[in-house]
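J.:
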Amino acid sequence: MKSRLSVLEDQPIRLALLAIVGLIGLCWLAFFNGLGSLGLMDKTEALFVEVGHQMLLRNDWVTPWWNDSTFFDYPVWGYWMVALSFRLFGVSEAAARLPVAVAASAVVLATFGLLLLWAPAAESRLKAVARAGLAAGVLATTPAWIGWGRTSTTDMFLSSAITLALFSYLVAERDPSNRRLIAMGRVGMACFAGIAVLAKGPVGLLLPAIVIGADLLVRGHWSRWLRPFPLAAMTLLFCGIALPWYAAATAVHGQAFLGGFLGFSNLERFTSVLYDHPGPPWFYLPWLLLLLLPWSPFLPQAIARAAPWPLARARQADAPALPAILLLWLVLIVAFFSAAATKLPGYILPAIPAASLLVALLWHPLSTDRRDRQAPPTWAFASWLNIALLAGGSAAAALAPSWVSRDPAFPQFAAALSASGLPQLLAVLLGLAALVGLALMLGRRNDWIWLPNLAGFLAVLFGVVAPLGPLLDRERQLPLRELQQLAGSQSRPDEPLWVVGTMRYSTLFYGGRSAVFLGDASDVKDLWKQDPSLLAIQPASVSALLLGDRHKLDGFALPADRIERLGQRGVQELWRVSLDELRPRKRSRNRKAS
């Protein structure tokens with residue numbers, strides 16, 4: 003009687019479908035489960051979502067608006083996705099994040115398909131599906147892909163589009179004699195590069211072009227890509243996707259759009275430090291390891307095995323070696339953003355798929371070289387470091403309530419977190435994963451060391467991440483949200499709302515009105531002298547609403563009897579104050595009689 007694996011081996015389509023169903027379940031755990039249980043996070047996500055919200059409310063699909071002003075920091079693709087989701091499913095946190103979850107899942111499933119395509123022809127289907135499933139699972143369990151796959155910002159839209167554009171290039175290069183694959187790859191490259199440019203600007207075309215150009219330069223295979231007709235067709239398709247919105251925005255706003263978007267949001271972001279986000283040239287190296295946990299201990303070996311030694315062998319290959327181009331992809335994108343003056347961890351998100359695939363190929367290499375197949379799958383040091391990280395994470399989870407108790411803004415959060423049992427559960431799950439890894443190492447089965455990582459993080463996604471969202475929302479974000487909604491309902495005509503201290507951009511979404519964001523009381527004095535309209539003060543305004551931390555509001559030094567306290571949640575308060583009390587007063591000078 004045949005075993006179940008043998009039966010599946012004889013039915014490759016059924017085997018692939020079962021793997022896809024499993025990956026869809028994994029994506030549900032990683033990106034969709036509890037997607038709307040946490041309120042919008044300040045400040046970037048709340049800003050991004052509100053622009054999409056305004057696009058829907060104004061029915062203006064050309065001009066991004068935020069806080070009653072045009073907002074050209076990013077192009078329109080992500081805003082379109084958020085606005086469309088709101089139109090289809092209603093305005094909610096879950097609907098705001100649904101498009102990024104879909105984008106993250108699309109790349110996970112595309113990873114599976116790409117590695118199936120690249121499997122050696124003589125290889126068993128079971129091994130090919132196992133490799134493809136592991137690669138997709140590694141990507142789906144990285145903190146980077148989970149974090150940005152559940153956060154509605156432009157990073158995932160850009161990263162997924164760049165990844166799918168590069169995947170399309172690999173499809174086109176898989177078999178130079180297969181015209182169907184070449185055509186599919188070219189169409190995918192043009193379409194996804196166009197979407198990437200709509201998501202973030204010229205960088206969406208520049209990054210794939212750098213990686214593809216470097217690969218073709220290394221291998222010296224330019225001829226297929228310089229044929230006039232296919233190149234013109236790709237260009238027309240790319241332009242048809244990417245350029246209409248840019249043309250429309252330029253026609254409506256002219257230099258204001260070109261200067262704000264191309265000048266400030268692209269050129270200055272690369273050459274100057276914006277929003278106080280500097281960093282040294284090696285800024286992204288530790289972040290790459292953090293964003294790839296728990297798989298990062300294996301990245302150095304994966305890089306070493308992917309390097310095309312010698313380079314002459316790479317130039318002789320008709321089709322690219324997948325690990326070699328993944329290495330180019332990883333190195334060039336990290337190097338590109340390392341050269342930029344403004345640095346944020348999310349910028350290197352497009353490099354995470356390449357790093358994930360490199361790590362996965364350690365256990366299931368694509369090479370048909372017998373020496374590569376028999377090579378030790380992992381360094382012992384990397385495996386032991388992996389176990390140590392899991393054990394360290396277990397200890398850190400057990401101590402988490404004592405660490406968060408130091409936050410004076412949320413004094414009850416530590417007790418609620420401890421009472422939930424989630425830190426203890428996380429500690430147990432990571433501890434069990436470390437023990438399984440230890441057993442594998444002692445049993446000399448380090449070729450299975452990926453198993454505790456994958457199983458452990460699946461358990462964490464189901465048992466810890468999903469219930470943590472409602473807890474965080476209830477203890478940390480709901481109190482502020484209630485004050486924001488109160489500010490929206492209690493505001494009077496021509497009454498400005500000042501958000502003091504932390505930039506709570508979510509106030510616009512939950513309060514349903516515009517606001518002025520101030521660092522402290524001194525900003526009021528400076529802006530009032532410059533132009534009262536910068537504080538949203540109208541000729542008919544008689545009072546202002548102040549929302550912020552109590553210690554920031556106390557900086558206004560107002561008598562208690564001059565403050566109307568509309569609401570208080572922990573250290574957050576909402577005040578109504580007469581503008582006469584807030585108006586800067588000139589200091590009188592006493593002159594001595596001569």
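When you line the sequence shown up against this note's numbering, it's residues 3 to 596, in that order.
Idealized CB from N, CA, C, for every residue including glycine.
Take the Cβ of residue 113 as the centre, count every other Cβ of all protein chains shown within 10 Å, and call the residue buried at 16 or more, exposed below.
T.: Under this definition residue 113 is a buried residue.
J.: Closer than 6 Å to a non-hydrogen atom of the ligand COA - does that hold for the CB of residue 521?
T.: As presented, the structure is devoid of all ligands, the ligand COA included, so that no description of it is given.
J.: Whole angstroms are fine: how far does the CA of residue 389 sit from the CA of residue 374?
T.: Note that residue 374 scores 47 on pLDDT, short of 50, meaning its location in the model is unreliable and no value can be drawn from it.
J.: On the three-pair Cβ rule with 8 Å, is the segment 324 to 342 touching the segment 182 to 202?
T.: The answer is no - the segment 182 to 202 does not touch the segment 324 to 342, with fewer than three Cβ pairs under 8 Å.
J.: Pull up the DSSP beta-bridge partners for residue 577, would you.
T.: The partner list for residue 577 (beta bridge, DSSP) reads 548, 567.
J.: Can you grab the Cα-Cα spacing for the pair residue 455 / residue 400, in whole Å?
T.: Each residue's alpha carbon lies about 19 Å from the other.
J.: How close, in whole Å, do the beta carbons of residue 460 and residue 31 come, if the pair is a contact with beta carbons under 8 Å?
T.: Going by Cβ atoms, the distance from residue 460 to residue 31 rounds to 7 Å, so yes, they are a contact pair.
J.: Counting only the same chain and skipping the five closest in sequence on each side, list residues whose C-beta sits under 6 Å from that of residue 87.
T.: 97, 100, 101.
J.: To which residues of the same chain is residue 440 closer than 7 Å at the C-beta, ignoring the five residues directly before and after it?
T.: The answer, listed in chain order, is 389.
J.: When the Cα atoms are used, what is the spatial distance from residue 542 to residue 496?
T.: Straight-line Cα distance between these residues: approximately 6 Å.
J.: Ordered along the chain, which non-local residues of its own chain (more than five positions away) have a Cβ less than 6 Å from that of residue 20?
T.: So no residue of the chain qualifies.
J.: Counting only runs that start and end within the segment 484 to 518, where is the alpha helix (DSSP H) found for 4 or more residues in a row?
T.: Taking only runs of at least 4 residues, the alpha helix (DSSP H) segments lying wholly in the segment 484 to 518 are 508 to 513.
J.: What whole-angstrom Cβ distance do residue 359 and residue 329 have, given they're in contact under 8 Å?
T.: The Cβ separation is near 10 Å, so there is no contact.
J.: Tell me the DSSP secondary structure of residue 120 in three-state form.
T.: Here residue 120 sits in coil by DSSP.
J.: Which residue comes first and which comes last in the alpha helix (DSSP H) that contains residue 414?
T.: Where residue 414 is concerned, there is no enclosing alpha helix (DSSP H), given that its DSSP letter is neither H nor E.
J.: Go ahead and pull the three-state DSSP assignment for residue 473.
T.: Helix, per DSSP.
J.: Using the rule of at least 16 other Cβ atoms within 10 Å of the residue's Cβ for burial, across every protein chain shown, is residue 544 buried or exposed?
T.: So residue 544 counts as exposed.
J.: Would you call the segment 440 to 452 in contact with the segment 502 to 509, where contact means no fewer than 3 C-beta pairs closer than 8 Å?
T.: Touching, no, given that fewer than three Cβ pairs across the two stretches are closer than 8 Å.
J.: Would you be able to state if there are at least three C-beta pairs under 8 Å between the segment 148 to 167 and the segment 34 to 50?
T.: Yes, the segment 34 to 50 touches the segment 148 to 167.
J.: Would you say the segment 510 to 529 touches the segment 552 to 569, given that touching needs at least three Cβ pairs under 8 Å?
T.: As far as the Cβ criterion goes, the segment 510 to 529 touches the segment 552 to 569, which means the pair count is three or higher.
J.: Could you pull out every residue in the same chain whose Cβ sits closer than 6 Å to the Cβ of residue 356, ignoring the five residues on either side in sequence?
T.: Excluding residues within five positions, the ones whose Cβ falls inside 6 Å are 328, 331, 332.
J.: Kindly identify the DSSP beta-bridge partner or partners of residue 71.
T.: In the DSSP output, where bridge partners are listed per residue, residue 71 has 68.
J.: Just list the residues that DSSP pairs residue 520 with in beta bridges.
T.: In the DSSP output, where bridge partners are listed per residue, residue 520 has 502.
J.: Can you tell me whether residue 125 is helix, strand or coil according to DSSP?
T.: Coil at residue 125, not helix or strand.
J.: Skipping 5 residues on each side, what residues in its chain have a beta carbon closer than 6 Å to that of residue 678?
T.: Coverage of the chain is limited to positions 3 through 596, which leaves residue 678 absent and any answer about it impossible.
J.: Relative to the C-alpha of residue 534, which residue among 488, 574, 568, 584 is closest?
T.: The residue with the shortest Cα to Cα distance from residue 534 is 584.
J.: May I have the straight-line CA-CA distance separating residue 50 from residue 225, to the nearest angstrom?
T.: The alpha-carbon atoms of residue 50 and residue 225 are separated by roughly 42 Å.
J.: Just to confirm my understanding: we take residue 34, look at its own chain, exclude 5 residues before and 5 after, and list those with CB closer than 7 Å. What are they?
T.: Closer than 7 Å at the Cβ level, and outside the excluded window around residue 34, lie 103.
J.: Where residue 162 and residue 46 are concerned, what is the direct C-alpha to C-alpha distance, given to the nearest angstrom?
T.: Taking the straight line joining both Cα atoms gives about 19 Å.
J.: Kindly list the residues whose CB is nearer than 6 Å to the CB of residue 205, restricted to its own chain and excluding five residues on each side of it in sequence; keep chain order.
T.: Same-chain partners within the cutoff: there are none.
J.: Skipping 5 residues on each side, what residues in its chain have a beta carbon closer than 7 Å to that of residue 197?
T.: The residues are 79, 163, 243.
J.: Spatial neighbours of residue 68 within its chain, please: CB distance less than 8 Å, with the 5 preceding and 5 following residues excluded, ordered by chain position.
T.: If we look at residue 68 and ignore the five residues flanking it on each side, its Cβ neighbours are 49, 52, 53, 56, 510.
J.: Under 7 Å Cβ to Cβ from residue 254, same chain only, skipping five residues before and after it: list those, please.
T.: If we look at residue 254 and ignore the five residues flanking it on each side, its Cβ neighbours are 64, 65.
J.: Note down the Cα distance separating residue 232 from residue 304, rounded to an integer number of angstroms.
T.: Roughly 35 Å separates the two Cα atoms.
J.: From what residue to what residue does the alpha helix (DSSP H) around residue 2 run?
T.: Missing from the structure shown is residue 2; the chain here goes from 3 to 596 and no further.
J.: Determine the burial state of residue 217: buried for a count of at least 16 other Cβ atoms within 10 Å of its Cβ, exposed for fewer.
T.: The residue is buried, with at least 16 neighbouring Cβ atoms inside 10 Å.
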